[in-house]
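Below: one structure, written as structure tokens.
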Amino acid sequence: MEFVKEKKLNFIIGIAIGLVVLFYVLSKLKWLFIYFSFALMLAYFFDPLYKFLLNKKAPKVLAIIVVFGIIIALLILTIFFLIPSVINQLNILYNEIPKFINSYQTLILSLEPQLSRFIDPADVESLLKENLSELQKSILGFSQTIIIYLSNIVSSITFGIVIVPLILFYLMKDIFIFKENLYIFVSKKNKKEFKEVLEEIDNI
1 MEFVKEKKLN FIIGIAIGLV VLFYVLSKLK WLFIYFSFAL MLAYFFDPLY
51 KFLLNKKAPK VLAIIVVFGI IIALLILTIF FLIPSVINQL NILYNEIPKF
101 INSYQTLILS LEPQLSRFID PADVESLLKE NLSELQKSIL GFSQTIIIYL
151 SNIVSSITFG IVIVPLILFY LMKDIFIFKE NLYIFVSKKN KKEFKEVLEE
201 IDNI
């Protein structure tokens with residue numbers, strides 16, 4: 001009997017560990033899909049420029065380097081204008097938190113005389129302190145959640161800055177092969193329509 005219970009427990013633990021690993025892998029695959037989609041979008045967006053450089057007899061690698069240079073320049077400009085704005089908004093939020101706590105504290109304390117008519121003053125004071133303490137804990141928890149969330153986004157973006165250029169390089173280098181391979185995943189009935197859509201995108 002004990003052996004059966006232990007076996008069931010091990011099975012449940014194994015399932016739990018398997019689910020944790022599965023969710024972890026899926027979360028990573030989600031970001032890999034985002035990286036690939038973003039790289040594919042960039043490859044199609046800069047494909048006309050890439051073709052133009054190839055038509056001017058530029059080597060493939062040189063054409064890709066030029067495209068990368070433009071992307072990096074755009075990225076630097078975006079960071080230059082975006083990051084200060086985000087930092088400024090976070091500073092405003094950080095500076096407003098003490099004001100919000102003080103306003104809430106003033107509001108709660110203003111209720112003390114009214115509450116004292118129905119509740120013992122000592123209980124009122126205890127209740128007010130408890131409410132303020134809970135508010136501070138909630139704000140602290142919210143701040144920590146935001147920091148963790150932003151940290152995860154920054155780490156994912158940092159990883160993406162490494163992965164996306166690699167995917168983009170191989171997509172642009174062999175974009176024609178990639179397009180041909182896409183047809184494999186399209187049914188025969190929709191293949192012609194899918195090809196027309198790709199050609200329309202190329203002509204944009």
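So for the sequence shown, full-length UniProt numbering puts the first residue at 1; every next one is plus one. Using N, Cα and C, we set each Cβ at its ideal position, and we do this for glycine too. These figures come from a predicted structure and were not determined experimentally.
Decide if residue i is buried, meaning its Cβ has at least 16 other Cβ atoms within 10 Å, or exposed.
i: Y35; result: buried
i: A73; result: exposed
i: L171; result: buried
i: L140; result: exposed
i: F80; result: exposed
i: K67; result: The sequence shown places Val at residue 67, not Lys. Buried is the call here.
By the three-class DSSP mapping on this structure, what secondary structure does residue i have?
i: P59; result: coil
i: F80; result: helix
i: D47; result: helix
i: F3; result: Because F3 sits at a pLDDT of 48, beneath the cut-off of 50, its placement in the model cannot be relied upon, and the following sentence gives the value as read from the coordinates. F3 falls in the helix class under three-state DSSP.
How many whole angstroms separate the CB atoms of residue i and residue j, which I take to be in contact at a CB cut-off of 8 Å?
i: L49; j: I71; result: No, L49 and I71 are not in contact; Cβ-Cβ is about 11 Å, not under 8 Å.
i: V162; j: A39; result: In fact, because the Cβ distance is near 12 Å, the residues do not count as touching under 8 Å.
i: A63; j: L75; result: The pair is not a contact, with the Cβ atoms about 19 Å apart (cut-off 8 Å).
i: L135; j: I97; result: Not really, about 11 Å apart at Cβ, beyond 8 Å.
i: K60; j: K173; result: 6 Å
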